[in-house]
Each structure stands twice: as C-alpha cells, then as structure tokens.
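Q: Quick one: the structure is below, and I'll ask about it shortly.
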Amino acid sequence: MTAAGAPRPFGAFVAASAAAGRLVVQPRMGFGDPGSMRTGLERTRAATATTVGTLTIDSYTRVGDLAGARAALAEGAGLNGYPIATHPLDVTRSLLDGLHDDHFPVQVRHGSARPQAIVRALLAAGLDATEGGPVSYCLPYGRTPLRESVAAWAEGCELLAAGARPGSVPHLESFGGCLLGQLCPPGLLVATSVLECLFFAQHGLRSVSLSYAQQTDPGQDEEAIRALRRLAGEFLPAGVDHHVVLYTYMGVYPRTERGAIRLLEASARLAVRAGVDRLLVKTTAESRRIPTVGENVRALETAAAAAALAGPPVPAAPDAGSAVYAEARALIEAVLGLHPDLARALPAAFERGLLDVPFCLHPDNAGRSRSVIGADGRLRWSDTGAMPIRPDAPADLAPLTANGLLAALNHMADRYDRPPADPVSAYRRPATARALPPTPHPRHEQEPAMDHAPQPAGPALPPPLGEHLRSPQLRAAMLVQQEALQAARDFLRGSGFTELLPPLVGPVTDPGGRGAKALDVDYYGRPYKLMTSAILYKQASLHGFPKLFYIAPNVRVEPEETATTGRHLVEFHQIDVEIAGASREDAQEVAAGLLTHVAEHVWTAVPDVLAELGRQESDFADVRSGKYDVCTHHEAVSRLLTAGHPQSPDSEIDWTGERLLSLESDRPFFINDYPKGSRGFYDREDPERPGVLRNFDLIAPHGYGELVSGSERESDYATIVTRMRESGENPAKYAWYLKEAHEGIPASAGFGMGLQRLVRFLTGLDSLWQVSAYPKLPGVMAP
Amino acid sequence: MKILLSGTASDSHTWNLVYLGLFLEERGHDVVALGPCVGPRLLTAACRRHAPDAVVLSSVNGHGYRDALAAVRALRAEPELAALPVAAGGKLGIAGRSGETEAARLRAAGCDAVLGDGAGDLEALGAFLAARAQVAA
C-alpha cells in the first residue's frame, strides 16, 4: 500500500501488467444488490486472468434520477447496475472492503452526461477511477445539451482530480472510441478519444486512457489503434500517464455461444497485436440479457487465454500511409483550430458540423454524416457533412433502408454466428508479417478457423486431484449436489418410488450409443462388463418394484474427442427411473417434476452458494415454474439445418447441434421421436410410425444441453430379439435378460437423468469435471 | 398517419429508434422522432404539440415495463390524450423473456399493444398501426 491507504494507482497497475506482458481484462458488470455486486467483484478478482474490477452503474443513476433508483430498490425491482449514489456509503465501503487494493483496482463505469454525483460517490467510497467524457457520454446517451455536458464534465474532472486520497492518481478513461457502438468510421472514434483525453488533461487529470471499440475489419482496427497510440503521444501533454483500452465489439453481438466466443477471442488477439494494454470484454449472454457473474468470469478467462496464446505483439511499423491517422489528425486539428480550450472548442465543433456522429439522434449533433460497411468489410463514409474529411465509399450507393440498416447493424453478429464455410487449418500469423493485402469478404485471416466441436470457455482439464479437492468451487458444487440428491430422493419417494442399489458388473450391459464402450473386467475367468447403465436390470425388477429408481454409478469409455466437450466423464452417475405400465408422457411428467423439484429445493436450501457461483433466480424461472417445451427430432433437425448446422436427420442430434438448440432456448424442452437406429434396442418403436421411437431427451436451456434420456421400453420378447439383431447385437450375450423377457417383462417407460449434468446446470459451471470430486475425462489418465 | 416515436425515460439506446424511424417511414408514415430518455412530462407535452395519430414507445434497456407504465399512465391522465393509441415494445424486462404479469399491468394501464423485439413483433406493430389507420380514415 502507498501513503494514507490509497491503493496502487489504476494507471500504474495497467502499466506494470503491460510491462509483464499481461493484457489486463475487465468486465462490464453491475448488479443492484450489494451482495451480488460483491460476489461479482470477488469472482472477477479470482479469475484466471489479470483483472480490473468494475462497478457498472444502473441507468436511473446514470440519467440523474436518484429518486427513480431509490424507488426501484424499495419496490424490489431488478436494477441493471449498482446504484452507487443511492446505497448508503458504508454499504459501498463494505462492498469494496478487502477487495479493492494494490492487486485489484476497481473502476466505476456509468454513461452519465452529468457525472458529478457519481464522482462524489465513488470518491467517498475510496475509489478514484472512472470513465466517460463530455462528448461520448452526452451525444449517444440521452438529451442533455452538449454545452451542459461539457460544463458538467469539466466540473466532474476537477472533482476527481482534486478529491482523491493522498497518494492516489485518479484515472479517467475516455469512451470516445465507442460513441454509438457501431457504424462509426474509425477516424472519428480516434479523434474523439484523443480530444476527450486532452479535455481531461486540461481539467487536471494526470492519468487517462484512450478507448477504441472493435469494428468490422481487423486490419482497419489495428491501423486505428496504432493511430490512436501515435496521436496520444503527439497531443497529450508530457507527464500525463496514458494507455489504450480496447472494447470488444460494442454493436449487435453474436447470438450463438460459438460466435460470441470467437468475436471475444478476435478482440483479445487484436489487443495484443496492436499494443493495447487493457480490454473490456463481452459475454456469451450479451445478445439476450444482463450477463451473470459466471458468464462474465468465463469471458475474462477466455479473453486472457486468447491473449496469452496470441504470441508477442507485432512490432510497430511506420504509419506513414495510414488513412485513419490522417483522418483523425485532420479532425483533431480542426477542433483545436476553433479554440485551444476544448470546453469551448468541442460544442462549437458540433454546432458547425466539424464533428458529426453518423446516426446520432442527439439534437446537438448535425446528423448529416452517414457511413456504410464497404464490400471489403471496412467502415467507410458515404457522407461526411461539414467535417474536414472526404467520403470514401462508392458514390453510387442506394439510399439507406430499414432493412439495410439492420443488415449493417447485424453484420458482425451474422458473420460470427455463421458456421465456417469449409474446414481450414488454424491460422497462425507469422511473427514478422505485416497487414495482409485486402481479400474479398468474408475474411477470416485474423481469426483461427473454428471446428464444430463445442468450446467450453473454462479451463479444459482439471488441476491435480489434491488441488481440485481443496478448491472452493468444488466444495460449492458438492453442497449443491448433496441438496440435489436429497431433493431427488424426496421427490421420487414421495411419488411412490422405491430406491434400489444397482449392480456394478454383469455379463452384459447397455450397448448404448454415440461410440461409448463398456469396460471389461475379468470375473472368475469370464469377460464381464462394468455397467454403462443398469437399464436391463431396471426392466427385470419391475414385477417386484413397479416404480423404482437408482442413484447409479456408471462407467462409459467415451471417445477421446469428447474430453473437451465439458459434457463427458468416464465415471458418472444417473438418477435412473423406471415405471411399469407407463407411457412416454408419464415418464416425461416425472422427469419434469423431478427437475422442477430439485431446482426449487436447491434454490431454497443453498441460495447463497448458487449466488456465489454467479447463478441468478431468473436463470431458473422457467424450470421452477414447470414451463417445458416439446419438439420432435424432425423439427429439431429442421431448425438446425435452417441455422446452417449440418445435422443428419437419421441420427442422434450431435453435440454441437444439441448445444445450439439449448443455447437458443430459455426454458427446458423435450425432443421426442428419435429415429430407429440412433438408440438402443430397448427403446420402443412407435407401432403407428415404423422407424420412429417412442423416446425423448430433455434438454436444459442456456447451452447446458442434454440432462435426461428416456423412452417407452420394448417388452415383447420377439420384438426385442428382432431389434437386437437389427442393431447388430448378438442375442446370445443377453441370455439372462431374454429369459426374463420370455417369461414376461411388464411394459414400462423410464429415464436416466445425469447427476453431474444436473449439478452442472444448477451451478452454471462450464465442465462436468468441475462438479465431480474425482473426475475422469475421456482418454485422460487420472487417479 | 402521424406517429410519435419515442424512447423511454431511463433508456438511452437509439439504434432501435433509428431503425423504427426508417421502418415506419418506409410504410408511408410521417414520423416525429423524440429520441431517447423521454420522461412522461416531455412525452405528454410532445403529444399535445404534435397531435400524433399514434405513439410508439421503444425500450431495450430492461427498465421498459416500469418506464412505459409511467409513460402510459401520464398519457391516460390527460383527457385529450386518453384515447391516443399507444404501442410499447422492445426488450422490456431484464430477465431475457417477456414477463406476462408486467405486460398485463401495462395493458391494464391503457397501453394498446405490448410487443417484444422479434420479427413477428414488427409485423404486429405494422398490423396495429394499419388497423388504427383504418379507424382514423
């Protein structure tokens, strides 16, 4: 700690990280509730990355409506950020206590054209870093007149510069590199960032950062960041500490998890390549809702990993021919030419249209400029209004339509959501290479090609077992698991089921599907199998136990390529249920009731543990209220084909397809009617529709995928034998089971719910190994 | 038809408004765009000044239910605006899905159409305005 308890200055922390070759990553995270906010900061701090914490302020406080923020808090309405000026000071202080220190700076992010109340509140809480700007937090954010915003920001800067604790160096980041988030050509973004930081320096700040938001073309972005760094050096007074901060794409964000992760990773690589010191990340939930803590942490770790893998930065080359540099410089000089005092020059520049933000509806913006995404993917000016720069788009463009605007706004989301056209080997940029020559759209030269495998965002492999067993995360998962088990037993016993303990080895086991194999054991000289599932025993038990269940350990030797799906363990457990005389719909009702009851119980019994893991009540709203959707396998395949995913209509939904469907959904859903041949011989064929099975999967929402597999069972002896032959099984191996079937097995339906998959869904963790005390991943040797 | 297009009190987003402005103009409507962060008082004043045939409120920041409710109540409290057709849409809640209870409350307060942010909702907006245009004609 430095003098008088002020933690290491924000700028110094970033500079030290840069010197150590580490990109600082930072979330945009804000919760109304202090407990959730603290959890968010704790988990940001604990992430496997060099992080800075964020308090994002709610939008009532942002527009100065403190009464609105208070009322929303009082009536328990969810706020979309932390109301720093509304919670009592000691609440905010204890929120930061023990977290905000030399190793973990915390920045306040808001969006206010009148920042004084927020600056006073953050200073009072012992903070000294924030962001915004007189232009960038005015024009895109509401109706405050620009002159008032400039005056308010001048005062805000002076408050911040003067009000911090001794030993601190208050830091202010310009949001000027973002403006409306998308469709602004980089020259204007760079100019605004430089002008705002210069304004900050004119009002007493000695440490600033210049922002740039990722746009549509990696080459243009790299050029813009280099221009920003050069212009900062040329225009900021000597002695003003500064660094460049990059924002992961701020426009319409990809809707698929795969697309969202790819775009985030592309921004991390851009940051490293262009010499950026800090990155503000986006999450995979961005397009749908306010992200959870867990999603934020995953985004931080994903970005940090991508940055670490990007290799050393490319050495700066002369920017002699940079169009972005020339454009930005022309804009800056035009503004400074009006008056050296930017508090006077900036409003005058907008009044004359020397600065003119495209698509900005603010009354003080001239609104004459327009931009397009060029055929090469670069942002270009179609109209520059009165700005001292020239349009660089083709002159014969058609007028902008609503659909044209929508296509431009969705350009990046669509591009990143699209599956890669053809498999390409992962691209590695040679360390000495300079910008590649222009290539036709779509271009992927700075993005490694993605395969179709799911991409768990967290660490792919567990740490050594001892470390794993000591981790707080595993402890939390086990607390959730024991509650889930108790709830499952309560629910099933309360519904008249009897719990049996399943066998571990037998002469034959479930032949299964999807390439999993059974493990052989030498049983007194006979080749016995470890149970892949006890389905055959469940059916055989029905005479004595018409409603039964196991908590069954299973061993499946899964293909090695499933090790990184996050969804496969060799050793796992199922809640295995069977009901004599039941239909598929009966079994689905039990499965849905079971899931709803477990979610309800866990959320009631250990809400703190779930909150600490970043789960929110809203994540379970549909599960707890029992809202489940249903579709058929055929419909699921059609949806995937429409979305461009090559799903075969004759087989299981593949892992990626299942993940895509799951990501699209906010509530759990059943997939019915898998085609014969995709499942085991015991799934009953629909007598009305040959080739279609009376079976189902239950898929969890938000990308968590399959939780349950079940079916009506085939109980007719002759049909079982035929189905065994059809599926290539040797009936002779199943002698004991066929003898039972010959004597008559009751008709039934049942299912298995994967226990670890259930706990993963409840906890929101990335991988099954994180919810298993002794994880064994396919192909990985483990104790 | 003259349409007053507006954001809601706490919502500073504008792309939704830029898009809706183009969308409504292409359908032959005359659009008065108030822009973002329009509180109830500014909204009612603008409605009295411009005398629109319908009001379209768009919100995507998660406070839409709450803000639109205040806006609609303010409009309905003015006798000359009590019958003015009002549609509210966008991402109105923070949970990622529309809340049926909040939507019902919004309708009960006098909002004529509560819409989401999908393609079907745009069609519904078009149909809502077309129906009002027929009534007006």
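Protein sequence lines, in the order shown, are assigned to chains H and Z. In terms of my numbering, the first sequence has 624 at position 624, counting the first letter as 1, and numbering is strictly consecutive. Numbers in my numbering are just positions in the second sequence, counted from 1, shifted up by 1000. For each residue, glycine too, the CB sits at the ideal point set by N, CA and C. Since the structure is predicted, the reported quantities are computational estimates derived from the model, not experimental observations.
1. At the level of alpha carbons, what is the spacing between H/Ala484 and H/Val194?
2. Report the rounded CA-to-CA distance for Z/Ser1012 versus Z/Gly1035, giving the unit in angstroms.
3. Measure the alpha-carbon distance for H/Glu658 versus H/Asn672 and round it to whole angstroms.
4. With a cut-off of 7 Å, does the C-beta of H/Gly32 fall near any C-beta of chain Z?
5. Any beta carbon of chain Z sitting closer than 7 Å to that of H/Arg143?
6. Going by beta carbon distance, what residues of the same chain come within less than 6 Å of H/Arg114, once the five residues before and after it are set aside?
7. Using alpha carbons as the reference points, say which of H/Ser112, H/Gly752 and H/Thr192 lies closest to H/Leu354.
8. Alpha carbon to alpha carbon, what distance is there between H/Ser767 and H/Thr302?
9. So Z/Ala1033 is in the beta strand (DSSP E); what residue range does that whole segment cover?
10. Output, in chain order, the set of chain Z residues within a Cβ distance shorter than 8 Å of H/Asn80.
11. Suppose you measure from the CA of Z/Leu1106 to the CA of Z/Val1114; what does that come to, to the nearest Å?
12. Throw me the rounded Cβ distance for the H/Leu180 and H/Phe350 pair, which I believe falls under 8 Å.
13. Any Cβ of chain Z within less than 7 Å of the Cβ of H/His634?
14. So what's H/Leu755 in DSSP terms, helix, strand or just coil?
15. So is H/Ser287 in contact with chain C if we call contact Cβ pairs under 7 Å?
16. Exposed or buried, H/Asn365, counting other C-beta atoms within 10 Å across all chains shown (16 or more means buried)?
17. How many Å lie between H/Thr216 and H/Leu127 at the Cα?
18. Interface residues of chain Z around H/Tyr249 at Cβ under 7 Å?
19. Out of curiosity, what's the CA-to-CA distance linking Z/Lys1091 and H/Pro690?
20. Could you list the residues in the region 392 to 425 of chain H with a C-beta less than 9 Å from some C-beta on chain Z, going in chain order?
21. In angstroms, rounded to a whole number, what distance separates the CA positions of H/Pro675 and H/Glu558?
22. Can you tell me the Cβ-Cβ gap for Z/Asp1121 and Z/Gly1099, rounded? I've got them flagged as a contact below 8 Å.
23. Spell out the partners DSSP gives H/Tyr247 in its beta bridges.
24. If you follow the beta strand (DSSP E) that H/His573 is part of, which residue opens it and which one closes it?
25. Return the residue from the list H/Glu743, H/Asp586, H/Arg760 and H/Ile745 that minimises the CA-CA distance to H/Val598.
26. Thinking C-beta only, is H/Gly233 closer than 7 Å to H/Val324?
27. Once DSSP output is grouped into helix, strand and coil, what is the label at H/Ala518?
28. For H/Gly11, which of H/Glu295, H/Glu173 and H/Ser371 has the nearest alpha-carbon?
29. Mind listing the chain Z neighbours of H/Tyr628? Cutoff is C-beta to C-beta under 8 Å, in chain order.
30. Establish whether the CB of Z/Pro1052 and some CB of chain H are separated by less than 7 Å.
31. Does the contact criterion of 3 or more C-beta pairs under 8 Å hold for the region 608 to 617 of chain H versus the region 28 to 44 of chain H?
32. Quick one: any contact between the region 49 to 58 of chain H and the region 94 to 104 of chain H, if contact means 3 or more CB pairs under 8 Å?
33. Are three or more beta carbon pairs between the region 150 to 167 of chain H and the region 289 to 307 of chain H nearer than 8 Å?
34. For H/Gly506, which of H/Val240, H/Leu469, H/Leu519 and H/Glu685 has the nearest alpha-carbon?
35. Taking the straight line between their C-alpha atoms, what separation do you get for H/Trp655 and H/Gly566?
36. Answer yes or no: do H/Ala477 and H/Val771 have a C-beta to C-beta separation smaller than 7 Å?
A: The structure says:
1. Here residue 484 of chain H is taken as the residue at index 484 of the first sequence, counted from 1. Here residue 194 of chain H is taken as the residue at index 194 of the first sequence, counted from 1. About 54 Å.
2. By one-based count along the second sequence, residue 1012 of chain Z stands at place 12. By one-based count along the second sequence, residue 1035 of chain Z stands at place 35. Going from the Cα of Z/Ser1012 to the Cα of Z/Gly1035 covers about 9 Å.
3. By 1-based counting over the first sequence, the position of residue 658 of chain H is 658. By 1-based counting over the first sequence, the position of residue 672 of chain H is 672. C-alpha separation (whole angstroms): 13 Å.
4. Translated into the one-based positions of the first sequence, residue 32 of chain H becomes position 32. Chain Z, which has no Cβ nearer than 7 Å to the Cβ of H/Gly32, makes this no.
5. The sequence position of residue 143 of chain H within the first sequence is 143, counting from 1. It does; some Cβ of chain Z falls within 7 Å.
6. Here residue 114 of chain H refers to the residue found at position 114 when the first sequence is read from its first residue. Closer than 6 Å at the Cβ level, and outside the excluded window around H/Arg114, lie Gly64 and Ala152.
7. Walking along the first sequence from the start, residue 354 of chain H turns up at place 354. It is H/Thr192.
8. One-based indexing of the first sequence puts residue 302 of chain H at position 302. One-based indexing of the first sequence puts residue 767 of chain H at position 767. Roughly 14 Å between the two C-alpha positions.
9. In the second sequence, residue 1033 of chain Z corresponds to position 33, counting from 1. Where Z/Ala1033 is concerned, the enclosing beta strand (DSSP E) stretches over Asp1030 to Gly1035.
10. The count along the first sequence starts at 1 and reaches residue 80 of chain H at position 80. Annotation: Cβ neighbours of H/Asn80 in chain Z (cutoff 8 Å, chain order): Asn1061, Gly1062, His1063 and Ile1094.
11. On the second sequence, position 106 is the one that residue 1106 of chain Z refers to. On the second sequence, position 114 is the one that residue 1114 of chain Z refers to. Taking C-alpha positions only, Z/Leu1106 is separated from Z/Val1114 by approximately 7 Å.
12. Reading the first sequence from its first residue, position 180 is the one you call residue 180 of chain H. Reading the first sequence from its first residue, position 350 is the one you call residue 350 of chain H. Incorrect: roughly 14 Å between the Cβ atoms, too far for contact.
13. The residue labelled residue 634 of chain H in the question sits at position 634 within the first sequence. For H/His634, the answer is no, since every Cβ of chain Z falls outside 7 Å of its Cβ.
14. Taking the first sequence and counting its residues from 1, the one referred to as residue 755 of chain H is at position 755. Helix.
15. Although the question refers to chain C, the structure presented lacks it and instead comprises the protein chains H and Z.
16. As a first step, residue 365 of chain H is located in the first sequence; it is residue number 365 there, counting from the start. Buried, by the Cβ-count rule.
17. Taking the first residue of the first sequence as 1, we reach residue 216 of chain H at position 216. Taking the first residue of the first sequence as 1, we reach residue 127 of chain H at position 127. C-alpha separation (whole angstroms): 35 Å.
18. Translated into the one-based positions of the first sequence, residue 249 of chain H becomes position 249. Going along chain Z, no residue has its Cβ under 7 Å from H/Tyr249, so there is no contact; the nearest lies around 14 Å.
19. Counting from 1 along the second sequence, the entry for residue 1091 of chain Z is found at position 91. Counting from 1 along the first sequence, the entry for residue 690 of chain H is found at position 690. Distance between the alpha carbons of Z/Lys1091 and H/Pro690 is about 44 Å.
20. Listed by position, the residues of the region 392 to 425 of chain H near chain Z (Cβ gap below 9 Å) are Leu400, Thr401, Ala402, Asn403, Gly404, Leu405, Leu406 and Leu409.
21. What you label residue 675 of chain H is simply residue 675 of the first sequence in a count that begins at 1. What you label residue 558 of chain H is simply residue 558 of the first sequence in a count that begins at 1. The straight-line gap from Cα to Cα measures roughly 22 Å.
22. By 1-based counting over the second sequence, the position of residue 1121 of chain Z is 121. By 1-based counting over the second sequence, the position of residue 1099 of chain Z is 99. 15 Å between Cβ atoms; not a contact.
23. By one-based count along the first sequence, residue 247 of chain H stands at place 247. Answer is H/Ala213 and H/Leu280.
24. The residue you call residue 573 of chain H lines up with position 573 of the first sequence. H/His573 -> beta strand (DSSP E) spans Glu571 to Ala580.
25. Translated into positions along the first sequence, residue 598 of chain H becomes position 598. Ranking H/Glu743, H/Asp586, H/Arg760 and H/Ile745 by Cα distance to H/Val598 puts H/Arg760 first.
26. Along the first sequence, one-based indexing puts residue 324 of chain H at 324. Along the first sequence, one-based indexing puts residue 233 of chain H at 233. No; because the gap between Cβ atoms is not below 7 Å, this pair is not in contact.
27. Translated into positions along the first sequence, residue 518 of chain H becomes position 518. DSSP places H/Ala518 in coil when its eight states are reduced to three.
28. The residue given as residue 11 of chain H occupies position 11 in the first sequence. Considering only H/Glu295, H/Glu173 and H/Ser371, the residue with the shortest C-alpha distance to H/Gly11 is H/Glu173.
29. The residue you call residue 628 of chain H lines up with position 628 of the first sequence. Those do not exist, as H/Tyr628 stays about 14 Å from chain Z at its closest Cβ, beyond 8 Å.
30. Reading the second sequence from its first residue, position 52 is the one you call residue 1052 of chain Z. False, the Cβ-Cβ gap to chain H never drops below 7 Å.
31. Yes, the region 608 to 617 of chain H touches the region 28 to 44 of chain H.
32. With a cut-off of 8 Å, the region 94 to 104 of chain H and the region 49 to 58 of chain H count as touching, because enough Cβ pairs lie within range.
33. Touching, no, given that fewer than three Cβ pairs across the two stretches are closer than 8 Å.
34. Numbered from its first residue, the first sequence carries residue 506 of chain H at position 506. Selected option, being the one with the closest Cα: H/Leu519.
35. Here residue 655 of chain H refers to the residue found at position 655 of the first sequence. Here residue 566 of chain H refers to the residue found at position 566 of the first sequence. Distance between H/Trp655 and H/Gly566, taken at the CA atoms: about 11 Å.
36. Position 477 of the first sequence, counted from the start, is the residue given in the question as residue 477 of chain H. Position 771 of the first sequence, counted from the start, is the residue given in the question as residue 771 of chain H. Cβ atoms of H/Ala477 and H/Val771: closer than 7 Å.
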